[in-house]
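Notes for the one structure printed next.
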Amino acid sequence: MDLTKIRNFSIIAHIDHGKSTLADRLLEATGALTDREKSDQYLDKMELEKERGITIKAQAVRLTYKAQDGQTYILNLIDTPGHVDFSYEVSRSLSACEGALLVVDAAQGVEAQTLANVYMAIDQNLEVFPVLNKVDLPSADPHRVCEEIEEIIGIDTSDAIFASAKEGKGIPEILEALVKKIPPPKGNPQGLLQGLIFDSWYDSYQGVIILVRIFEGTVKKGDKIRLMQTGGIYEVNKVGAFSPHPVELQDLAAGEVGFVIAGIKVVEDAKVGDTLTHHHQPAAKALPGYQVVKPMVFSGLYPIDSGEYDALRDALEKLRLNDSAFSFEPENSLALGFGFRCGFLGLLHMEIIQERLEREFNVELITTAPTVVYRVTTVKGEVLNVESANMLPDVQMIQQIEEPFVLASIHVPNEFVGAVLGLCIEKRGIQREIKYLTANRVMIVFELPLNEIVLDFFDRLKSISRGYASLDYDHLDFRTSRLVRLNVLINGDVVDALSLIVHNDKAQYRGRDLVATMKEFIPRQQYEVAIQAAIGNKVIARSTVKALRKDVTAKCYGGDITRKRKLLEKQKAGKKRMKQVGSVELPQEAFLAILKIK
Ligand code: GTP
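Residue 1 is where the sequence shown starts when you use our numbering, and the numbers rise one by one after that.
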């Protein structure tokens, strides 16, 4: 393959600025999609591919495009996720490219993740060119947004393309710009093989599928390959590319992007960031890989019906096969029985996994409030990673507790600056910088404890800014902090699944608010339910759910049977998400009450 005819690119954008819609238009315009598939958002669809026995996860799609110069080009579009939790996936997609389309909503302008993503692209020396999307909107002001891009990011917008992915406007111009502006890849197809694995996933029909960007050499069917980091040796069964359906190719040579299938049984053996080379004539060194990502947020997942424990474990195992950033291990709670402690990259990642478990695997869950990882040094000098309040050693055993801090960058219109500053300070933030990006857009940078962000920060930020604020954050460091365990007692018994680690200064009112909020969620039962919050043995707050006096159906005077039945059904449905804890039935909401404190 002639390298000058290849372009490898990504689309980077803030969430909802139209990346997926634009990608679909590019697929359509180059004839990669049939009418049936045009329906919507091809790149986001996993279901479709399942039917065909091969899954497309990290989407790397090969498009064939005949340019105005009469030449045919191969455009490899490497998709990137847009959300704050997945920035590491963005960076690894970018390392397979020479260029990136920067998509900015022409009505919204530059947002926090636009900036985070574009800096990643610039750091990796990619050619970045701006596309102003959604110009069809009445509120679109692409010229203003161009000024914003120049001022804030410092990239030239004189050739920026005004587009509407929705209406198909600007698509031919984008395709031409890809060919003209993005440099072709470099590399020697005869060199010693070096391929960067930028994604891998398990497919039940084919085994592990690896997505690679070949930087040097050529790989083909029958080759003996070695993965340089894990040392595994395999024989290649198939190489190819997605266009967007899998197409087998003769080989993949320097500059190309595609898949390799080589009889690898488990994804752990084909680590993202590893370098693929030939077994007999290996490259001298591996390509620079990626930072290993560690879960930052943890939560307990318990089946509502304890008989579903094995089904839940199987479902978690299946999910982990395709998601190396997700972890889980068995956990036992006195209150909730057997379940799993699961680790996620962030809150969105957690929600996605929980939803998939319920939707795809049909397991009903009780989830506990999310927590971060604390670093605890004991008096004996041991250092423990504490992922749940229950793992926290006794106070006398603790020398110090450190908590993770992040550097958060918040973009917000001028008028909300005061409210955002107030929120950050309330959340124990330390101000780093306030910068006016334009006359009306402000970037606020704070150091914040991650513990405060996983609770309700994001929702609060959205509500105080009427949805206009955007947030991006990066892990910073661990800092010593005065943290205590806050226990919740139900009718005098500590419910371990409700324990939390909170900052000492906030323990009092968090405890008070928590019991008050829980009271709202716990339905009346046959007897009185006392809810208490305690630090150590000291009870700091209490509320009571009064006993139920009447049968719910009592008011039906035995007359209207349908009404009676309806009420009983309602009661039954309400019970679905309940967990018997001692003598009390607790609904799911009670376990997440900490997130609902106002
Ligand atoms: P994530 O996949 O969630 O990161 O979002 P995305 O950036 O891929 O955005 P997506 O393509 O899902 O578009 C977000 C919303 O904007 C959808 O409701 C689209 O229909 C809409 N949208 C995309 N492009 C345009 C456009 O050119 N004009 C208008 N009016 N709406 C658009």
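All residues carry an ideal CB built from backbone N, CA and C; glycine is no exception. As the structure is a prediction and not an experimental result, all values here were calculated from the model.
Item to check | Cβ-based burial, residue 537 [other Cβ within 10 Å; buried from 16] | outcome: For the purposes of this step, residue 537 is taken as the residue at position 537 of the sequence shown. Under this definition residue 537 is an exposed residue.
Checklist entry - Any idea if residue 395 is buried or exposed, counting beta-carbon neighbours within 10 angstroms, 16 or more meaning buried? => result Position 395 of the sequence shown, counting from 1, holds the residue named residue 395. The residue is exposed, with fewer than 16 neighbouring Cβ atoms inside 10 Å.
Next on the checklist: Once DSSP output is grouped into helix, strand and coil, what is the label at residue 106?
Outcome noted: Start at 1 with the first residue of the sequence shown, and residue 106 comes out as number 106. Residue 106 falls in the coil class under three-state DSSP.
Checklist entry - In terms of DSSP beta bridges, what is residue 203 paired with? => result Sequence index remark: in the sequence shown, residue 203 carries index 203 (1-based). DSSP output for residue 203 lists 207 as bridge partner(s).
Checklist entry - Thinking just about the alpha-carbon of each residue, which of 517, 15, 338 and 548 is nearest to the one in residue 542? => result Here residue 542 refers to the residue found at position 542 of the sequence shown. Ranking 517, 15, 338 and 548 by Cα distance to residue 542 puts 517 first.
Next on the checklist: Assess contact between the stretch 470-478 and the stretch 419-434, defined as three or more Cβ pairs (one per stretch) separated by less than 8 Å. Is contact present?
Outcome noted: no
Checklist entry - Would the stretch 421-428 and the stretch 447-458 be scored as touching if the rule is three or more Cβ pairs under 8 Å? => result yes
Checklist entry - Does the beta-carbon of residue 502 have 16 or more other beta-carbons within 10 angstroms, so that it is buried, or is it exposed? => result By one-based count along the sequence shown, residue 502 stands at place 502. Buried: at least 16 other Cβ atoms inside 10 Å.
Next on the checklist: Check for me: the alpha helix (DSSP H) holding residue 409 runs from which residue to which?
Outcome noted: As a first step, residue 409 is located in the sequence shown; it is residue number 409 there, counting from the start. Looking at the DSSP string, residue 409 is not in any alpha helix (DSSP H); the run it does join, the beta strand (DSSP E), is 398-413.
Checklist entry - From the DSSP output, which residues share a beta bridge with residue 279? => result The residue labelled residue 279 in the question sits at position 279 within the sequence shown. DSSP, once it has assigned bridges, lists no residue as partnering residue 279.
Item to check | residue 49 burial status per 10 Å Cβ neighbour count (16 or more: buried) | outcome: Position 49 of the sequence shown, counted from the start, is the residue given in the question as residue 49. Confidence in residue 49 is poor, its pLDDT being 41 and thus under 50, which makes the residue's placement unreliable; the coordinate value appears in the next sentence. Residue 49 should be labelled buried.
Item to check | Length of the line joining the Cα atoms of residue 274 and residue 262 | outcome: Counting from one through the sequence shown, the residue named residue 274 turns up at place 274. Counting from one through the sequence shown, the residue named residue 262 turns up at place 262. Taking the straight line from one Cα to the other gives about 15 Å.
Checklist entry - By Cβ distance below 8 Å, which residues in the same chain neighbour residue 18 in space, the five residues on each side in sequence not counted? => result In the sequence shown, the residue the question calls residue 18 occupies position 18. The answer, listed in chain order, is 103, 105, 133, 134, 165 and 166.
Checklist entry - Would DSSP call residue 363 helix, strand or coil? => result As a position in the sequence shown, residue 363 is number 363, starting the count at 1. Three-state result, residue 363: coil.
Item to check | Boundaries (first-last residue) of the alpha helix (DSSP H) holding residue 151 | outcome: Counting from 1 along the sequence shown, the entry for residue 151 is found at position 151. Segment 142-152, the alpha helix (DSSP H) holding residue 151.
Checklist entry - Between the stretch 277-296 and the stretch 344-360, do at least 3 Cβ pairs fall closer than 8 Å? => result yes
Item to check | Under the three-state DSSP convention, the category residue 349 falls into | outcome: Sequence index remark: in the sequence shown, residue 349 carries index 349 (1-based). The answer is helix: DSSP assigns residue 349 an H, G or I state.
Checklist entry - So which of 21, 407 and 479 has the shortest CA-CA distance to residue 12? => result Within the sequence shown, the letter at position 12 stands for residue 12. Nearest option by C-alpha distance: 21.
Checklist entry - Hey, would you say residue 3 sits closer than 7 Å to residue 255, going by beta carbons? => result Here residue 3 is taken as the residue at index 3 of the sequence shown, counted from 1. Here residue 255 is taken as the residue at index 255 of the sequence shown, counted from 1. Yes, Cβ-Cβ distance for residue 3 and residue 255 is below 7 Å.
Item to check | Check: residue 171 C-beta below 6 Å from any heavy atom of ligand 3 | outcome: In the structure shown, ligand 3 is absent; the only ligands present are ligand 1.
Item to check | Distance between residue 62 and residue 186 (C-alpha atoms, nearest Å) | outcome: Position 186 of the sequence shown, counted from the first residue, corresponds to residue 186. Position 62 of the sequence shown, counted from the first residue, corresponds to residue 62. Rounded to the nearest angstrom, the two C-alpha atoms are 18 Å apart.
Checklist entry - Can you give the Cα-Cα distance for residue 305 and residue 241, rounded to whole angstroms? => result Taking the sequence shown and counting its residues from 1, one reaches residue 305 at position 305. Taking the sequence shown and counting its residues from 1, one reaches residue 241 at position 241. Cα-Cα distance, rounded: 43 Å.
Next on the checklist: Can you determine whether any heavy atom of ligand 1 sits closer than 6 Å to the C-beta of residue 80, and answer yes or no?
Outcome noted: Here residue 80 refers to the residue found at position 80 when the sequence shown is read from its first residue. Residue 80 Cβ: outside cutoff for every heavy atom of ligand 1.
Checklist entry - Cβ of residue 255 versus every heavy atom of ligand 1: is any distance shorter than 6 Å? => result By 1-based counting over the sequence shown, the position of residue 255 is 255. No, the Cβ of residue 255 stays beyond 6 Å of every heavy atom of ligand 1.
Checklist entry - Taking buried to mean at least 16 other C-beta atoms within 10 Å of its own C-beta, is residue 230 buried or exposed? => result For the purposes of this step, residue 230 is taken as the residue at position 230 of the sequence shown. Result: exposed.
Item to check | Helix, strand or coil at residue 585 according to DSSP, with G and I counted as helix | outcome: Numbered from 1 along the sequence shown, position 585 holds the residue referred to as residue 585. Three-state result, residue 585: strand.
Checklist entry - Does DSSP put residue 579 in a helix, in a strand, or in coil? => result Position 579 of the sequence shown holds residue 579. Of the three classes helix, strand and coil, the one that applies to residue 579 here is strand, per DSSP.
Next on the checklist: Looking at residue 487: is its Cβ nearer than 7 Å to the Cβ of residue 494?
Outcome noted: Locating residue 487 in the sequence shown gives position 487, where the first residue counts as 1. Locating residue 494 in the sequence shown gives position 494, where the first residue counts as 1. Contact flag set, yes.
Next on the checklist: Quick check on the burial criterion: 16 or more other C-beta atoms within 10 angstroms. Buried or exposed for residue 285?
Outcome noted: Residue mapping note: residue 285 aligns to position 285 of the sequence shown, counting from 1. Looking at its Cβ environment, which holds fewer than 16 other Cβ atoms inside 10 Å, residue 285 is exposed.
Checklist entry - Do three or more CB pairs link the stretch 165-181 to the stretch 192-210 at distances below 8 Å? => result no
Checklist entry - For the alpha helix (DSSP H) that residue 524 lies in, which residues bound it at each end? => result Counting from 1 along the sequence shown, the entry for residue 524 is found at position 524. Element bounds for residue 524: n/a, residue is neither H nor E.
Next on the checklist: Per DSSP, what are the beta-bridge partners of residue 225 in this structure?
Outcome noted: Looking up residue 225 in the sequence shown gives position 225. Answer by DSSP bridge pairing, in chain order: 234 and 278.
Next on the checklist: At the 7 Å Cβ level, is residue 19 part of the contact set with chain B, yes or no?
Outcome noted: No chain B appears in the structure shown, which is made up of a single protein chain.
Checklist entry - DSSP beta-bridge partners for residue 248? => result By 1-based counting over the sequence shown, the position of residue 248 is 248. Note: residue 248 sits in a beta bridge opposite 240.
Item to check | Cut-off 8 Å between Cβ atoms - residues of its own chain near residue 420, not counting five sequence neighbours on either side | outcome: Within the sequence shown, numbered from 1, the residue matching residue 420 stands at position 420. Taken in chain order, the residues that qualify are 410, 412, 444, 461, 464, 465 and 469.
Checklist entry - Of the choices 266, 480, 521 and 509, whose alpha-carbon is the least far from that of residue 589? => result The count along the sequence shown starts at 1 and reaches residue 589 at position 589. Considering only alpha carbons, the answer is 521.
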